[in-house]
Amino acid sequence: MLLITNNLSKQYKRRDTIVDALKDVSLEIEEGSFVTITGPSGSGKTTLLLALSGLIRPTSGQIIINNKHLENASDSELSNFRKENVGFILQSFSLIPYLSALQNVMVPLALINHSKQKQIEIAREVIELVGLGDRMNHLPRELSAGQQQRVAIARAVVNKPKIIFADEPTGNLDPDLSTEILSFMKNINKDMGITILMVTHSPVAADFGNLKIKLSNGELSSNLKHHIVLN
Amino acid sequence: MNLYKIVLLEMRQRKSQLISGILAITLGIGIIVGIRSISLVSEKAVAINLDNLGANILVLPQGASVDNYYSADIDAPTLSEDYVERIVTSTLPGVDNLSPKLTRRVDVGKEKVVLTGILPKNELASKPIWQTSGLMGEELKASCGPNPANESHGYKDEKLQRKSIDSIGFGDCLIGSSIATKLQLKEGSKIKILEHEFTVAKVLTETGTIDDDRIFAHLQTVQDLLKTGEQISAIEIMGCCNAISEGLLGKLRNILPDTKITTIGQIVSTQIETNKLMNRISLIFLIIIFVVGGISIGNSMWANANQRKKEIGTLRMIGYPKSKIYFLLLSKATVMGFLGGIFGYMIGSAIAYFLGPQLAGINVHPLPILLLWSVLLSVFISLLGAIIPAYAASRFEPFTNIQEE
Numbered sequence: 000m001l002l003i004t005n006n007l008s009k010q011y012k013r014r015d016t017i018v019d020a021l022k023d024v025s026l027e028i029e030e031g032s033f034v035t036i037t038g039p040s041g042s043g044k045t046t047l048l049l050a051l052s053g054l055i056r057p058t059s060g061q062i063i064i065n066n067k068h069l070e071n072a073s074d075s076e077l078s079n080f081r082k083e084n085v086g087f088i089l090q091s092f093s094l095i096p097y098l099s100a101l102q103n104v105m106v107p108l109a110l111i112n113h114s115k116q117k118q119i120e121i122a123r124e125v126i127e128l129v130g131l132g133d134r135m136n137h138l139p140r141e142l143s144a145g146q147q148q149r150v151a152i153a154r155a156v157v158n159k160p161k162i163i164f165a166d167e168p169t170g171n172l173d174p175d176l177s178t179e180i181l182s183f184m185k186n187i188n189k190d191m192g193i194t195i196l197m198v199t200h201s202p203v204a205a206d207f208g209n210l211k212i213k214l215s216n217g218e219l220s221s222n223l224k225h226h227i228v229l230n
Numbered sequence: 000m001n002l003y004k005i006v007l008l009e010m011r012q013r014k015s016q017l018i019s020g021i022l023a024i025t026l027g028i029g030i031i032v033g034i035r036s037i038s039l040v041s042e043k044a045v046a047i048n049l050d051n052l053g054a055n056i057l058v059l060p061q062g063a064s065v066d067n068y069y070s071a072d073i074d075a076p077t078l079s080e081d082y083v084e085r086i087v088t089s090t091l092p093g094v095d096n097l098s099p100k101l102t103r104r105v106d107v108g109k110e111k112v113v114l115t116g117i118l119p120k121n122e123l124a125s126k127p128i129w130q131t132s133g134l135m136g137e138e139l140k141a142s143c144g145p146n147p148a149n150e151s152h153g154y155k156d157e158k159l160q161r162k163s164i165d166s167i168g169f170g171d172c173l174i175g176s177s178i179a180t181k182l183q184l185k186e187g188s189k190i191k192i193l194e195h196e197f198t199v200a201k202v203l204t205e206t207g208t209i210d211d212d213r214i215f216a217h218l219q220t221v222q223d224l225l226k227t228g229e230q231i232s233a234i235e236i237m238g239c240c241n242a243i244s245e246g247l248l249g250k251l252r253n254i255l256p257d258t259k260i261t262t263i264g265q266i267v268s269t270q271i272e273t274n275k276l277m278n279r280i281s282l283i284f285l286i287i288i289f290v291v292g293g294i295s296i297g298n299s300m301w302a303n304a305n306q307r308k309k310e311i312g313t314l315r316m317i318g319y320p321k322s323k324i325y326f327l328l329l330s331k332a333t334v335m336g337f338l339g340g341i342f343g344y345m346i347g348s349a350i351a352y353f354l355g356p357q358l359a360g361i362n363v364h365p366l367p368i369l370l371l372w373s374v375l376l377s378v379f380i381s382l383l384g385a386i387i388p389a390y391a392a393s394r395f396e397p398f399t400n401i402q403e404e
């Protein structure tokens, strides 16, 4: 299994009230899966994504990804884990505005001891893979929304991560572009074998996954409760 | 791609923010460099002035009158030669040279002359304990001794000079110009003082002071003639100008509590006071620039960090540890401080060049040493100001981007 959670819970304190964002979520996800997480607003989708990617700590329960326990890892261990194992694709693209498309893709490579030439070589290869070979020296503001998201995808895969976490990756795109980006992600999943966990509101986007997880009030929907083994 | 590149590209992107941040520190450093340049040149001018005046501190017995620096030793009560040793063994910094004297009015024929016994420099240097103290050594020359470079400043006043005498034989004397004229003496003439015959080794240049009426002979000879034993009436000290302004007189008073100590520092006292004022002003500005410059840079970095919250969140999300976020912001502060230091030095040097003649009556040229000083100070202040914003930025949650959506 690539990803395992056991009784994962997350509570937030809002003034005097304790909010259960996640309640006893237990999952097992195999490597190479394309999982979509759906649910109404406030159901805990993003919280689950944050916890699984090591961006927040759970209140209780276990998270094991690629045999690494994340629940008690230190901040630097989590940074290192994300650097080596995780890619992100977000709704707002989160590109660095003063870096060109190529330089944005090179940002994760700066954490690895590659030479400048090697960095450029790898980043070029990936940016051509997402079809932006002729736009690599453009700044994000000079690119369309779809192109920016493709740069973000290139940045997410450039370190060859085990898993990509995507949060509403098509939320800012029109339907045609959404389909294009989702197809792209599907290809990455199939061709590169990278596991994808995608949070989405869109039923159309959810159909791209080979497993759909539905969250409601921080809990897995009844038919998916307990351990889910995917294939 | 590396962190330096990210820092440089970010600064290029946000030029106006960079300029406003640098401007505050530039102005502050500029003012300090301006004041410091003027005061340093002014201090040097005072040092040259005092060095050219020669002996500038006089140690007298408690009962002596100090109305006139140049005649204070005449007929003064005496003090023991041990006082010379006390000064020498104290190794006070700033004591450049010293000369013990015994002075009395005596009759030579019908004329009253001032007989002054002096210990020549070569004998002073020959005393083993004084040699080991380094009094006559190179280190004192280096501290404030006359420098050929000083010659061009035009402070030299031959009439006011009272340099130490290098050597004098037991049977020789040096004679002031006025008394030489009165007694019709010239070099090689013989003169009888208190039944002892001296040969005039040299007629001294006219100074316009009481020294023109003096006859200088070897201290030991004068002590024998006056039957005073190992007593002296004064010790002349050539003190380093900066040391005098930094309290050399007070330190001397501490080791010679039962003496009167006076100085001719008042000749340059206005300039010394100006220097002190300049130093005080530069200290005040230093404190102001530390506070204002630090806050200004801190404010600029704080705004920058908040503006880059999403970007920093992205970097943290990708796997950049907190230390690298620190590095990003502190590197930017270092660059701002470096540039602020250079521009501040340029502005400060220009201020000193134009205002130096008006404020201190001296011409001030850029002092290269202040470039290093202003860059280091500027970088230090910038880093100080940026520490808190950098710390706060490193604690931005990496999920900032996701939560905001």
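Chains as they are written, first to last, in numbering that gives the first Met the number 0: chain F, 0 to 230; chain S, 0 to 404. Note that beta-carbon positions come from the ideal geometry of N, C-alpha and C, so glycine has one too. If you're wondering where the values come from, they're calculated on a predicted model, not measured in any experiment.
- What are the complete alpha helix (DSSP H) segments, minimum 4 residues, inside the stretch 50–76 of chain F? None, since the stretch 50–76 of chain F contains no complete alpha helix (DSSP H) of that length.
- Same chain, Cβ closer than 6 Å to S52 (chain F), neighbours up to 5 away in sequence not counted: Excluding the 5 residues flanking it on each side, S52 (chain F) has same chain C-beta neighbours closer than 6 Å at V85 and F164, in chain order.
- Message: So, with DSSP's three-state summary, where would you put P160 (chain F)?
- Response: Here DSSP, grouped into helix, strand and coil, assigns P160 (chain F) to coil.
- Task: Over the uninterrupted beta strand (DSSP E) stretch that includes T198 (chain S), give me the two end residues.
- Result: Where T198 (chain S) is concerned, the enclosing beta strand (DSSP E) stretches over H195 to V202.
- Is the beta carbon of I34 (chain S) less than 8 Å from the beta carbon of M277 (chain S)? The criterion of a C-beta distance shorter than 8 Å is satisfied by I34 (chain S) and M277 (chain S).
- Item | Integer-rounded CB distance, given that G318 (chain S) should sit under 8 Å from K82 (chain F) | Between K82 (chain F) and G318 (chain S) the beta-carbon gap is near 3 Å, inside 8 Å, which marks them as a contact.
- Compute the Euclidean distance between the alpha carbons of I350 (chain S) and D212 (chain S), then round it to the nearest angstrom. Taking the straight line joining both Cα atoms gives about 49 Å.
- Query: Expressed to the nearest angstrom, what Euclidean distance is found between the alpha-carbon atoms of S38 (chain S) and G384 (chain S)?
  - Reply: When rounded, the distance between both Cα atoms is 28 Å.
- Item | F92 (chain F) in three-state terms, based on DSSP | Correct three-state label for F92 (chain F): coil.
- Of all Cβ atoms in chain F, is any one closer than 8 Å to the Cβ of G318 (chain S)? Yes, because at least one Cβ of chain F sits closer than 8 Å to the Cβ of G318 (chain S).
- Pick helix, strand or coil for R11 (chain S), following the three-state DSSP scheme. Three-state result, R11 (chain S): helix.
- Message: At the level of alpha carbons, what is the spacing between V129 (chain F) and V157 (chain F)?
- Response: Computed Cα separation, rounded: 11 Å.
- Name the residue from F:S32, F:G208 and F:L89 whose alpha carbon lies nearest to the alpha carbon of T45 (chain F). That would be F:L89, whose Cα lies nearest to the Cα of T45 (chain F).
- Query: G175 (chain S): buried (16+ other C-beta within 10 angstroms of its C-beta) or exposed?
  - Reply: G175 (chain S) sits buried, since 16 or more C-beta atoms from the chains shown fall within 10 Å of its C-beta.
- Establish whether the CB of Y11 (chain F) and some CB of chain S are separated by less than 8 Å. It does not: the Cβ of Y11 (chain F) has no partner Cβ on chain S nearer than 8 Å.
- At least one CB of chain S closer than 8 Å to the CB of S93 (chain F): is that the case? Yes, S93 (chain F) lies at the interface with chain S (some Cβ there is under 8 Å from its Cβ).
- Query: What is the residue span of the alpha helix (DSSP H) that V198 (chain F) lies within?
  - Reply: V198 (chain F) -> not in any alpha helix (DSSP H); beta strand (DSSP E) instead, spanning T194 to V198.
- Check the Cβ of M135 (chain F) against every Cβ in chain S and list those closer than 8 Å, keeping chain order. Here the premise fails: no neighbours, minimum Cβ distance about 13 Å.
- Message: Bridge partners for Q230 (chain S) per DSSP, in chain order?
- Response: Its beta-bridge partners are S:S79.
- Message: By DSSP's criteria, D106 (chain S) is part of a beta bridge. Which residues make up the other side?
- Response: For D106 (chain S), the beta-bridge partners assigned by DSSP are S:K111.
- Segment limits, alpha helix (DSSP H) that includes E27 (chain F): E27 (chain F) -> not in any alpha helix (DSSP H); beta strand (DSSP E) instead, spanning T16 to I28.
- Give every residue of the same chain whose Cβ lies closer than 6 Å to the Cβ of S75 (chain F), excluding the five residues on either side of it in the sequence, and list them in chain order. Nothing listed; no residue qualifies.
- Task: Take the Cβ of Y344 (chain S) as the centre, count every other Cβ of all protein chains shown within 10 Å, and call the residue buried at 16 or more, exposed below.
- Result: Buried, because 16 or more other Cβ atoms sit within 10 Å of the Cβ of Y344 (chain S).
- Task: Tell me, please, whether the CB atom of F398 (chain S) is closer than 8 Å to any CB atom in chain F?
- Result: With respect to chain F, the C-beta atom of F398 (chain S) has a partner C-beta closer than 8 Å.
- Query: Excluding sequence positions up to five away, which residues of its chain have a Cβ less than 6 Å from the Cβ of F92 (chain F)?
  - Reply: Spatial neighbours of F92 (chain F) in its own chain (CB-CB distance under 6 Å, excluding positions within 5 residues in sequence) are listed in chain order as Q147, Q148 and A151.
- Query: Using the beta-carbon count (16 or more within 10 Å), is R13 (chain F) buried or exposed?
  - Reply: Residue burial is scored here from C-beta neighbours: R13 (chain F) has fewer than 16 other C-beta atoms within 10 angstroms and is therefore classed as exposed.
- Message: Among S:T261, S:S377 and S:G187, whose alpha-carbon lies nearest the alpha-carbon of A332 (chain S)?
- Response: Minimum Cα distance to A332 (chain S) is reached at S:S377.
- Under a Cβ-count criterion, where at least 16 other Cβ atoms within 10 Å of its own Cβ denotes burial, should Q357 (chain S) be classed as buried or exposed? Exposed, because fewer than 16 other Cβ atoms sit within 10 Å of the Cβ of Q357 (chain S).
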